[in-house]
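All residue numbers for the sequence shown refer to the working numbering, where the first residue is 293 and numbers rise by one. Idealized CB from N, CA, C, for every residue including glycine. One structure below.
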Amino acid sequence: MDYSTMNKQLKSLIEDEKHFIPNMANASALLYESMEDLNWAGFYLMDNGELMLGPFQGKTACIRIKIGKGVCGTAVLKDTTMLVKDVHEFPGHIACDCASNSEIVVPLHKNGEIFGVLDIDSPTVGRFTEEDQKGLEEFARILEEHI
293 MDYSTMNKQL KSLIEDEKHF IPNMANASAL LYESMEDLNW AGFYLMDNGE LMLGPFQGKT
353 ACIRIKIGKG VCGTAVLKDT TMLVKDVHEF PGHIACDCAS NSEIVVPLHK NGEIFGVLDI
413 DSPTVGRFTE EDQKGLEEFA RILEEHI
(Lines of atoms letter the chains of each structure in order from A and count residues from 1; the text may use other names and numbers.)
(Lines give C-alpha, C1' and ligand atoms only; values in the text may rest on other atoms or scores of the structure.)
Protein backbone atom coordinates (compact mmCIF):
# COMPACT_ATOMS: atom_id res chain seq x y z
CA MET A 1 0.00 0.00 0.00
CA ASP A 2 1.39 3.38 -1.02
CA TYR A 3 0.31 5.60 1.85
CA SER A 4 2.38 8.53 0.64
CA THR A 5 0.37 8.75 -2.59
CA MET A 6 -2.97 8.14 -0.89
CA ASN A 7 -2.25 10.81 1.72
CA LYS A 8 -1.34 13.29 -1.02
CA GLN A 9 -4.62 12.45 -2.74
CA LEU A 10 -6.48 13.10 0.52
CA LYS A 11 -4.84 16.53 0.84
CA SER A 12 -5.92 17.38 -2.72
CA LEU A 13 -9.49 16.20 -2.12
CA ILE A 14 -10.05 18.21 1.05
CA GLU A 15 -7.80 21.27 0.79
CA ASP A 16 -10.51 23.66 -0.42
CA GLU A 17 -13.41 22.32 1.66
CA LYS A 18 -13.91 23.35 5.28
CA HIS A 19 -16.96 21.22 6.17
CA PHE A 20 -16.10 17.87 7.71
CA ILE A 21 -18.97 15.82 6.20
CA PRO A 22 -17.91 15.99 2.52
CA ASN A 23 -14.27 15.65 3.58
CA MET A 24 -15.04 12.48 5.52
CA ALA A 25 -17.24 11.17 2.71
CA ASN A 26 -14.43 11.57 0.19
CA ALA A 27 -11.87 10.22 2.67
CA SER A 28 -13.89 7.03 3.20
CA ALA A 29 -14.32 6.58 -0.57
CA LEU A 30 -10.58 7.10 -1.09
CA LEU A 31 -9.74 4.48 1.54
CA TYR A 32 -12.27 1.99 0.21
CA GLU A 33 -11.00 2.34 -3.38
CA SER A 34 -7.27 2.48 -2.51
CA MET A 35 -6.91 -0.30 0.03
CA GLU A 36 -7.35 -3.97 -0.83
CA ASP A 37 -9.40 -6.52 1.05
CA LEU A 38 -11.79 -4.22 2.95
CA ASN A 39 -15.47 -4.58 3.68
CA TRP A 40 -15.91 -1.25 5.54
CA ALA A 41 -14.11 2.09 5.74
CA GLY A 42 -15.55 5.11 7.45
CA PHE A 43 -16.13 7.19 10.51
CA TYR A 44 -17.97 7.30 13.80
CA LEU A 45 -18.42 10.75 15.32
CA MET A 46 -18.90 11.81 18.93
CA ASP A 47 -22.51 12.70 19.73
CA ASN A 48 -23.79 13.22 23.27
CA GLY A 49 -21.11 11.05 24.87
CA GLU A 50 -21.21 8.15 22.41
CA LEU A 51 -20.14 7.36 18.87
CA MET A 52 -22.64 7.86 16.05
CA LEU A 53 -22.29 6.50 12.52
CA GLY A 54 -20.77 9.00 10.08
CA PRO A 55 -19.78 8.89 6.40
CA PHE A 56 -18.64 5.45 5.23
CA GLN A 57 -18.24 2.99 2.38
CA GLY A 58 -19.28 -0.64 2.72
CA LYS A 59 -22.05 -2.69 4.24
CA THR A 60 -24.64 -1.30 6.62
CA ALA A 61 -23.29 -0.58 10.09
CA CYS A 62 -24.12 -0.10 13.74
CA ILE A 63 -25.57 3.37 14.29
CA ARG A 64 -24.40 4.05 17.86
CA ILE A 65 -21.52 2.66 19.93
CA LYS A 66 -20.98 3.39 23.61
CA ILE A 67 -17.57 4.59 24.77
CA GLY A 68 -15.53 1.64 26.01
CA LYS A 69 -17.54 -0.88 23.97
CA GLY A 70 -16.12 -2.73 20.99
CA VAL A 71 -12.97 -1.73 19.17
CA CYS A 72 -14.22 1.77 18.30
CA GLY A 73 -15.43 2.58 21.80
CA THR A 74 -12.19 1.24 23.29
CA ALA A 75 -10.12 3.42 20.94
CA VAL A 76 -12.02 6.45 22.26
CA LEU A 77 -11.74 5.38 25.90
CA LYS A 78 -7.98 4.84 25.61
CA ASP A 79 -7.45 7.62 23.03
CA THR A 80 -5.17 5.36 21.05
CA THR A 81 -5.12 3.46 17.78
CA MET A 82 -6.46 -0.07 18.06
CA LEU A 83 -4.99 -2.60 15.60
CA VAL A 84 -6.91 -5.85 16.05
CA LYS A 85 -5.67 -8.79 14.02
CA ASP A 86 -8.65 -11.02 14.95
CA VAL A 87 -11.78 -9.26 16.19
CA HIS A 88 -13.20 -12.55 17.49
CA GLU A 89 -10.46 -12.53 20.13
CA PHE A 90 -11.20 -8.93 21.19
CA PRO A 91 -13.22 -8.83 24.42
CA GLY A 92 -16.57 -7.17 23.81
CA HIS A 93 -16.23 -6.95 20.03
CA ILE A 94 -19.41 -5.61 18.42
CA ALA A 95 -20.25 -7.61 15.31
CA CYS A 96 -21.92 -5.00 13.10
CA ASP A 97 -20.91 -7.15 10.12
CA CYS A 98 -20.25 -10.83 10.79
CA ALA A 99 -17.92 -10.90 7.77
CA SER A 100 -15.39 -8.63 9.53
CA ASN A 101 -12.40 -10.48 10.96
CA SER A 102 -9.81 -7.73 11.53
CA GLU A 103 -10.08 -4.03 12.27
CA ILE A 104 -8.08 -0.87 12.77
CA VAL A 105 -9.47 2.20 14.52
CA VAL A 106 -7.72 5.59 14.73
CA PRO A 107 -9.05 8.37 17.02
CA LEU A 108 -9.66 11.78 15.42
CA HIS A 109 -9.25 15.02 17.38
CA LYS A 110 -10.53 18.58 17.15
CA ASN A 111 -9.40 21.31 19.55
CA GLY A 112 -7.60 18.72 21.67
CA GLU A 113 -10.65 16.51 22.19
CA ILE A 114 -11.80 13.32 20.49
CA PHE A 115 -14.09 14.19 17.59
CA GLY A 116 -14.60 10.64 16.35
CA VAL A 117 -12.76 7.65 14.91
CA LEU A 118 -11.62 6.33 11.57
CA ASP A 119 -12.71 2.68 11.42
CA ILE A 120 -11.62 0.15 8.79
CA ASP A 121 -12.66 -3.51 8.66
CA SER A 122 -11.48 -6.48 6.63
CA PRO A 123 -12.85 -9.98 6.12
CA THR A 124 -9.27 -11.30 6.44
CA VAL A 125 -7.72 -12.15 9.81
CA GLY A 126 -4.44 -10.24 10.26
CA ARG A 127 -5.13 -7.87 7.35
CA PHE A 128 -3.72 -4.76 9.07
CA THR A 129 -0.06 -4.22 9.94
CA GLU A 130 2.03 -1.70 11.82
CA GLU A 131 2.78 -0.11 8.42
CA ASP A 132 -0.97 0.32 7.90
CA GLN A 133 -1.23 1.85 11.36
CA LYS A 134 1.48 4.41 10.63
CA GLY A 135 0.00 5.34 7.23
CA LEU A 136 -3.55 5.59 8.57
CA GLU A 137 -2.48 7.67 11.55
CA GLU A 138 -0.92 10.14 9.10
CA PHE A 139 -4.14 10.01 7.03
CA ALA A 140 -6.08 10.87 10.19
CA ARG A 141 -3.75 13.79 11.04
CA ILE A 142 -4.29 15.26 7.56
CA LEU A 143 -8.04 14.90 7.94
CA GLU A 144 -7.99 16.49 11.41
CA GLU A 145 -6.81 19.73 9.83
CA HIS A 146 -10.15 19.90 7.99
CA ILE A 147 -12.69 18.91 10.64
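Practice task
Rounded to whole angstroms, what's the CA-CA distance from L435 to E381? Just pull it up for me.
Solution key: Here residue 435 corresponds to residue number 143 of the sequence shown, with the count starting at 1. Here residue 381 corresponds to residue number 89 of the sequence shown, with the count starting at 1. If you take the alpha carbons of L435 and E381, they lie about 30 angstroms apart.
To the nearest angstrom, how far is the alpha carbon of K361 from that of G384? Taking the sequence shown and counting its residues from 1, one reaches residue 361 at position 69. Taking the sequence shown and counting its residues from 1, one reaches residue 384 at position 92. In this structure, the straight-line span from the alpha carbon of K361 to that of G384 is close to 6 angstroms.
- prompt: So, helix, strand or coil for M327, using DSSP?
  reply: Position 35 of the sequence shown, counting from 1, holds the residue named residue 327. Reduced to three states, the DSSP call for M327 is coil.
Practice task
For the alpha helix (DSSP H) holding E307, just list the boundary residues, first then last.
Solution key: Residue 307 sits at position 15 when you count from the first residue of the sequence shown. Annotation for E307: no alpha helix (DSSP H) segment contains it, and DSSP assigns it neither H nor E.
task: Would you kindly report the start and end of the unbroken beta strand (DSSP E) that includes R356?
output: The residue given as residue 356 occupies position 64 in the sequence shown. That run of the beta strand (DSSP E) goes 356-358.
#### Entry: Start and end residues, alpha helix (DSSP H) containing V368
Residue 368 sits at position 76 when you count from the first residue of the sequence shown. Residues 362-370.
| query | Are the Cβ atoms of E395 and I412 separated by less than 9 angstroms? | reply | Along the sequence shown, one-based indexing puts residue 395 at 103. Along the sequence shown, one-based indexing puts residue 412 at 120. With respect to the 9 angstroms criterion, E395 and I412 are classified as neighbours on the basis of their beta carbons.
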